[in-house]
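Trainee: For what it's worth, my numbering labels the leading residue of the sequence shown as 70, then goes sequentially. Positions of the beta carbon are idealized from the N, C-alpha and C atoms, including for glycine. What follows is a structure written as structure tokens; I'll ask about it next.
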Amino acid sequence: ADEVLEQQDVQKTLQTMLAMRDEERRLLASEIHDGFVQEVMSAQMFIEALAAKLPPSSDETAKRHLSNALQQLEIAIAESRQLINHLKPQPVDRFGLVPALQDLFDGYEERFCMQVSLRYPPELLHTEVLHEKSIYRIVQEAIANIRKHSGVKEAYVSLQSNADCLTVDIVDNGSGFKLN
Numbered sequence: 070a071d072e073v074l075e076q077q078d079v080q081k082t083l084q085t086m087l088a089m090r091d092e093e094r095r096l097l098a099s100e101i102h103d104g105f106v107q108e109v110m111s112a113q114m115f116i117e118a119l120a121a122k123l124p125p126s127s128d129e130t131a132k133r134h135l136s137n138a139l140q141q142l143e144i145a146i147a148e149s150r151q152l153i154n155h156l157k158p159q160p161v162d163r164f165g166l167v168p169a170l171q172d173l174f175d176g177y178e179e180r181f182c183m184q185v186s187l188r189y190p191p192e193l194l195h196t197e198v199l200h201e202k203s204i205y206r207i208v209q210e211a212i213a214n215i216r217k218h219s220g221v222k223e224a225y226v227s228l229q230s231n232a233d234c235l236t237v238d239i240v241d242n243g244s245g246f247k248l249n
């Protein structure tokens, strides 16, 4: 009986810590959005206005530098938004693991033209919340790494469950890298 109570206390403490961590992440996402992203977007607008006022006879090097600066700002904004999405409270809390992953993958298709296929057994629609968040974070990070580093437009995620074990397979057709 004491072991059960102790285990429940540990579980409750872990849930409290995870809730605190999620709140900190939400606040950080808000700060990035309201501060950094707004400043970068402001700089982008100033550069766009400057580029629009350049006379057609302007130096091609200057035009190219302005164009490159705008491209870099677009990348910074996209990366910041992705970071914000990673920091926000989990859609897992609202929808469950499988719908949250499908929503994540739909976003990758819309924003990055990257197709991520998801396979899972029906019983995974109802997994424990503590495990769902961890699984979601692992898959989210893996897919983000695939997008950034592999150069592919397709990836596959498979969730398999048996007894007390959950297996997550994440596959892409990237070129890989050599270990030194």
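Which whole runs of the alpha helix (DSSP H) in the stretch 141-195 are 4 residues long or more, in chain order?
Mentor: The qualifying runs are 160-164 and 166-181.
Trainee: Which class does Val79 belong to by DSSP, given the choice of helix, strand or coil?
Mentor: Indexing the sequence shown from 1 puts residue 79 at position 10. Three-state DSSP puts Val79 in a helix.
Trainee: Return the chain-ordered list of same chain residues with a C-beta closer than 7 Å to the C-beta of Leu166, the five sequence neighbours on each side being excluded.
Mentor: As a first step, residue 166 must be located in the sequence shown, where it is residue number 97. Leu193, Thr196, Glu201, Ile204 and Tyr205.
Trainee: Going by Cα to Cα distance, which pick from Phe105, Gly176 and Ser126 is closest to Ser149?
Mentor: For this step, residue 149 is matched to residue 80 along the sequence shown. For the residues Phe105, Gly176 and Ser126, the minimum Cα distance to Ser149 belongs to Phe105.
Trainee: Which of helix, strand or coil does DSSP assign to Ser99?
Mentor: Locating residue 99 in the sequence shown gives position 30, counting from the first residue. If DSSP states are grouped into helix, strand and coil, Ser99 belongs with the helices.
Trainee: Here's the rule: buried if 16 or more other CB atoms are within 10 angstroms of the residue's CB, otherwise exposed. What is Glu86?
Mentor: Counting from one through the sequence shown, the residue named residue 86 turns up at place 17. Strictly speaking, residue 86 in this sequence is Met, with Glu absent from that position. With fewer than 16 other Cβ atoms within 10 Å, it is exposed.
Trainee: Would DSSP call Leu235 helix, strand or coil?
Mentor: Reading the sequence shown from its first residue, position 166 is the one you call residue 235. Here Leu235 sits in strand by DSSP.
Trainee: Can you say whether Met89 is buried or exposed, counting buried as having 16 or more other CB atoms within 10 angstroms of its CB?
Mentor: The residue given as residue 89 occupies position 20 in the sequence shown. Answer is exposed; the Cβ neighbour count stays below 16.
Trainee: To the nearest angstrom, how far is the alpha carbon of Ser227 from that of Cys182?
Mentor: Reading the sequence shown from its first residue, position 158 is the one you call residue 227. Reading the sequence shown from its first residue, position 113 is the one you call residue 182. Computed Cα separation, rounded: 20 Å.
Trainee: Which residues does DSSP list as the beta-bridge partners of Ser219?
Mentor: Translated into positions along the sequence shown, residue 219 becomes position 150. Ser219 is not bridged to any residue.
Trainee: Asp241 and Val221 look like a contact to me (Cβ under 8 Å); what is the Cβ gap, rounded to whole Å?
Mentor: For the purposes of this step, residue 241 is taken as residue 172 along the sequence shown, with counting starting at 1. For the purposes of this step, residue 221 is taken as residue 152 along the sequence shown, with counting starting at 1. So it is a contact: roughly 5 Å between Cβ atoms.
Trainee: Alpha carbons only, please: which of Glu143, Leu156 and Thr236 is nearest the one belonging to Tyr189?
Mentor: As a first step, residue 189 must be located in the sequence shown, where it is residue number 120. Minimum Cα distance to Tyr189 is reached at Thr236.
Trainee: Buried or exposed, going by whether 16 or more other CB atoms sit within 10 Å of the CB of Val73?
Mentor: Taking the sequence shown and counting its residues from 1, the one referred to as residue 73 is at position 4. Its Cβ having fewer than 16 others within 10 Å, Val73 is exposed.
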